[in-house]
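Asks: For the first sequence, this note's numbering assigns the number 3 to the initial residue and increments by one for each residue that follows.
Even glycine gets a Cβ: it sits at the ideal position worked out from N, Cα and C.
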Amino acid sequence: MNQGALRPFLVKLAKNIEVSMVVTRFAPSPTGYLHIGGLRTALFNWLWARKNGGKFILRIEDTDLVRNSKEATEAILEAFKWVGLDYDGEVAYQSKRFDIYKRYIQKLLDEGKAYYCYMSKEELDKLRQEQIQRGERPRYDRRYRDFTGTPPQGVKPVVRIKAPLEGDVVFEDGIKGTITIRAEELDDFIIARSDGTPTYNFVVAIDDALMGITDVIRGDDHLYNTPKQIIVYEALGLKIPRFYHVPMILNEQGKKLSKRDGAMDVMEYKRMGYLPEALLNFLVRLGWSYGDQEIFTLKEMIELFDPKEINKAPSAYNLSKLDWLNAHYIKNTPNEKLISLLEDFGLFLANHDKKEILVDALKERAKTIKEMAQMAKEILEEPQSYDEKGVKKALKGEWREILELFLQKLQAKEAHLPVDFHQVVEEVVQERKIGFGKIGQPLRLALLGKMAGPDLSDIMAIIGKDKTIQRVEKLLKRYQ
RNA sequence: GGCCCCAUCGUCUAGCGGUUAGGACACCGCCCUUUCACGGCGGUGACGGGGGUUCGAGUCCCCCUGGGGUCGCCA
């Protein structure tokens, strides 16, 4: 095959590669922390890009200079870091791209596809009120669309785009199917504010096109923005990406999620002791599933995720399922890792000689790292009071004689490991011919101050012989 | 209110014209066990309502009801 014959083939190959390339993005506006709905959207985009060996871009939508904050951007970045989502290239800031948008706005102006509108905010508000009173849908009346006269003085104009006057804007949504919006429902929306800065629907379309975004996965609160963005794409002759509008996450009552619903901030989950892998697993199953599978590693998610399979209906989150997932991931996290996570909750175990026994005992029962820290403290710290019900239940019969015998035997013995302590308890049981509970219950009360907790032998080994004796003596003394 | 979208156990979901409607969380029993968990076994529990289409509808169509989104010089 000579070069001339090969060339068309290579061109075709290159085109196919381009077609199959997937570029997604997450585009938050920096007005607050990253919330769980945003994180799910980010995850979906990230998974889809990674699955296809494509790119995932993080773009900060900060065109509204007065509402943005640097802290919010940092909070979003921090949340990304915590859950372990990465992104390709540098973070893109729209505020640094104003000159680009300006050029496109000018282009539309020059081509007569956009125009200056001199209506003031007050006039607009008045118009809207009148329309609402008449029971009409409030919308701009296009009074400056074909304006040729002398513009009013002292009004800084906005730029509006000419939306189609008739027909439908139709697009294919990867989740919801064909969406049709009639032209009458759209108005000539503003693409540049009176201060010259561009607005959301305009810059989104420009950036998605310029950055080569092929798949836009976003919340379905953007569904109605899509036809507006399509108007921009078409006015500029840009390639329209595929859209996937993900239904919202609802609160536990099945109502719209609001700031009042508590744990909205992703970082709040860290503070509550959740593991990022549990949160991600929880979130990926909200609106998406793969048969009966509940547990997904990140690798499996990448392998199996497909935005086309996302549910059409909104889903309510339920914390108890997150708890279950978190408990699962805690059980499967190496002790060393747990010990370092525990430090965020004021528990420092790194130098404790029985840390393995302690963590092993706790990881089976804790739902969160925070809870785990609490349980550990209950073991490590001498009880200051005794559970009332426990006292009634455990301190009866010959409990005193039993514990005294136990103390006597323990004092006479070397004890370090759980088996050593277990052996002492066993001897008491044998000698007194009693059931394990007869000694177990008062002993547990002495050690923990309450009736629930890990294996007694483990607890004694963790705190050691001396503290065990101290605690038993304390109980004996307290209830003479 | 207009427009758009949606609807299977309390919750997350499987189902893609013929299923005893499956799984998970939660809940309730039982087992394991010195206790609490974990784990194992079992149970309660759903196709919002009404019309069609079809030999046959959770699955297709229409209406109602309910829910969500949206109607900014915010994103």
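1. For the beta strand (DSSP E) containing GLY221, list its first residue and its last residue.
2. Just to confirm before moving on: does the CB-CB distance between MET453 and GLY392 stay below 9 Å?
3. For the alpha helix (DSSP H) containing ALA44, list its first residue and its last residue.
4. Is it the case that the Cβ atoms of ALA375 and LEU327 are separated by a distance below 9 Å?
5. Is TYR103 near the ligand SAH, with its Cβ less than 8 Å from a heavy atom?
6. Could you compute how far the alpha carbon of PRO336 sits from the alpha carbon of ASP362?
7. Would you call the CB atoms of GLU174 and GLU186 closer than 9 Å?
8. Between the beta-carbon of ILE59 and the beta-carbon of TYR89, is there less than 9 Å?
9. Does the separation of the CB atoms of ASP209 and ALA29 fall below 9 Å?
10. Output needed for LYS323: all residues of its chain with C-beta closer than 7 Å, excluding positions within five of it in sequence on either side, in chain order.
11. Going by the beta-carbon positions, is the gap between TYR35 and MET269 smaller than 9 Å?
12. If I'm right that ASP243 touches THR201 with Cβ under 8 Å, what's the distance once you round it to whole angstroms?
13. Which residues share a DSSP beta bridge with GLN295?
14. Give the straight-line distance between the Cα atoms of VAL286 and ALA318, rounded to the nearest whole angstrom.
15. Report the partner residues of ASP175 according to the DSSP bridge assignment.
16. Give me whichever residues DSSP pairs with VAL25 in a beta bridge.
17. Can you check whether the CB of LYS72 is closer than 9 Å to the CB of THR26?
18. Can the beta-carbon of ILE177 be found closer than 9 Å to that of PRO309?
19. What does the Cβ neighbour count give for LYS372, buried or exposed, with the cut at 16 atoms within 10 Å?
20. Ends of the alpha helix (DSSP H) at ARG273?
21. Taking a contact to mean a Cβ-Cβ separation below 9 Å, would you say ALA165 touches ASP143 in this structure?
22. When we look at the beta-carbon of LYS479 and count the other beta-carbons within 10 Å, is it buried (16 or more) or exposed?
23. Is it true that the region 122-134 meets the region 242-261, where meeting means three or more beta-carbon pairs spaced less than 8 Å apart?
24. Assess contact between the region 285-301 and the region 253-263, defined as three or more Cβ pairs (one per stretch) separated by less than 8 Å. Is contact present?
25. In this structure, how does DSSP classify PRO229 when only helix, strand and coil are distinguished?
26. Would you mind reading off the limits of the alpha helix (DSSP H) that contains TYR331?
27. Using a threshold of 9 Å, state whether the C-beta atoms of TYR103 and TYR146 are closer than that.
28. Going by the DSSP bridge assignment, what does LYS258 pair with across the sheet?
29. Looking only at C-alpha atoms, which of TRP50, ALA44 and LEU41 sits nearest to MET23?
30. Which of the three DSSP states is assigned to MET3 in this structure?
31. Please report the straight-line C-alpha distance between TYR388 and GLU305, rounded to a whole angstrom.
32. Taking the CB atoms as reference points, tell me whether LEU238 and LEU110 lie closer together than 9 Å.
33. Which of the three DSSP states, helix, strand or coil, is assigned to ALA454?
34. Rounded C-beta distance between LEU405 and PRO444? I'm assuming under 8 Å.
Replies: In short:
1. The residue given as residue 221 occupies position 219 in the first sequence. Its beta strand (DSSP E) spans residues 217-221.
2. Counted from its first residue, the first sequence places residue 453 at position 451. Counted from its first residue, the first sequence places residue 392 at position 390. Yes, they are a contact pair.
3. The count along the first sequence starts at 1 and reaches residue 44 at position 42. That run of the alpha helix (DSSP H) goes 38-53.
4. As a position in the first sequence, residue 375 is number 373, starting the count at 1. As a position in the first sequence, residue 327 is number 325, starting the count at 1. Cβ atoms of ALA375 and LEU327: not closer than 9 Å.
5. With respect to small molecules bound, the structure shown includes none, and the ligand SAH cannot be examined in it.
6. Position 334 of the first sequence, counting from 1, holds the residue named residue 336. Position 360 of the first sequence, counting from 1, holds the residue named residue 362. Computed Cα separation, rounded: 10 Å.
7. By 1-based counting over the first sequence, the position of residue 174 is 172. By 1-based counting over the first sequence, the position of residue 186 is 184. No, they are not a contact pair.
8. One-based indexing of the first sequence puts residue 59 at position 57. One-based indexing of the first sequence puts residue 89 at position 87. Yes.
9. As a position in the first sequence, residue 209 is number 207, starting the count at 1. As a position in the first sequence, residue 29 is number 27, starting the count at 1. It is a contact, given that the beta carbons lie within the stated cut-off.
10. To locate residue 323, count along the first sequence from 1; it is residue 321. Contacts found: PHE284.
11. Here residue 35 is taken as the residue at index 33 of the first sequence, counted from 1. Here residue 269 is taken as the residue at index 267 of the first sequence, counted from 1. In contact: TYR35 and MET269 (Cβ atoms closer than 9 Å).
12. Working through the first sequence from its first residue, we reach residue 243 at position 241. Working through the first sequence from its first residue, we reach residue 201 at position 199. In the sequence on display, residue 243 carries Pro and not Asp. Between THR201 and PRO243 the Cβ distance is about 19 Å, and since that is not below 8 Å, they are no contact.
13. On the first sequence, position 293 is the one that residue 295 refers to. DSSP output for GLN295 lists TYR292 as bridge partner(s).
14. For the purposes of this step, residue 286 is taken as residue 284 along the first sequence, with counting starting at 1. For the purposes of this step, residue 318 is taken as residue 316 along the first sequence, with counting starting at 1. Approximately 13 Å between the Cα atoms of the pair.
15. Along the first sequence, read from residue 1 onward, the residue named residue 175 stands at position 173. Note: ASP175 sits in a beta bridge opposite GLY179 and PHE245.
16. Residue mapping note: residue 25 aligns to position 23 of the first sequence, counting from 1. VAL25 pairs with LYS57.
17. Within the first sequence, residue 26 is the residue found at index 24, counting from 1. Within the first sequence, residue 72 is the residue found at index 70, counting from 1. The Cβ atoms of THR26 and LYS72 lie no closer than 9 Å to each other.
18. Position 175 of the first sequence, counted from the first residue, corresponds to residue 177. Position 307 of the first sequence, counted from the first residue, corresponds to residue 309. Yes, the pair counts as a contact, with Cβ atoms nearer than the cut-off.
19. Here residue 372 is taken as the residue at index 370 of the first sequence, counted from 1. That one is buried.
20. The residue given as residue 273 occupies position 271 in the first sequence. Counting along the chain, ARG273 sits inside the alpha helix (DSSP H) bounded by residues 268-273.
21. Here residue 165 refers to the residue found at position 163 when the first sequence is read from its first residue. Here residue 143 refers to the residue found at position 141 when the first sequence is read from its first residue. It is not a contact, given that the beta carbons lie outside the stated cut-off.
22. As a working mapping, residue 479 is identified with position 477 in the first sequence. With fewer than 16 other Cβ atoms within 10 Å, it is exposed.
23. These segments do not touch.
24. no
25. Start at 1 with the first residue of the first sequence, and residue 229 comes out as number 227. Note: PRO229 maps to helix in three-state DSSP.
26. Taking the first sequence and counting its residues from 1, one reaches residue 331 at position 329. Start and end: 321-333.
27. Taking the first residue of the first sequence as 1, we reach residue 103 at position 101. Taking the first residue of the first sequence as 1, we reach residue 146 at position 144. No. Outside cutoff.
28. Numbered from its first residue, the first sequence carries residue 258 at position 256. Answer is LEU252.
29. On the first sequence, residue 23 is found 21 positions in, with the first residue counted as 1. The residue with the shortest Cα to Cα distance from MET23 is TRP50.
30. Translated into the one-based positions of the first sequence, residue 3 becomes position 1. Bear in mind that a pLDDT of 37 at MET3, under 50, signals an unreliable position, so the model cannot answer this.
31. Locating residue 388 in the first sequence gives position 386, counting from the first residue. Locating residue 305 in the first sequence gives position 303, counting from the first residue. Each residue's Cα considered, the two are about 52 Å apart.
32. Counting from one through the first sequence, the residue named residue 238 turns up at place 236. Counting from one through the first sequence, the residue named residue 110 turns up at place 108. Going by C-beta atoms, LEU238 is nearer than 9 Å to LEU110.
33. Here the question's residue 454 lines up with position 452 in the first sequence. ALA454: coil per DSSP, three-state reduction.
34. Position 403 of the first sequence, counted from the start, is the residue given in the question as residue 405. Position 442 of the first sequence, counted from the start, is the residue given in the question as residue 444. The pair is a contact, with the Cβ atoms about 6 Å apart (cut-off 8 Å).
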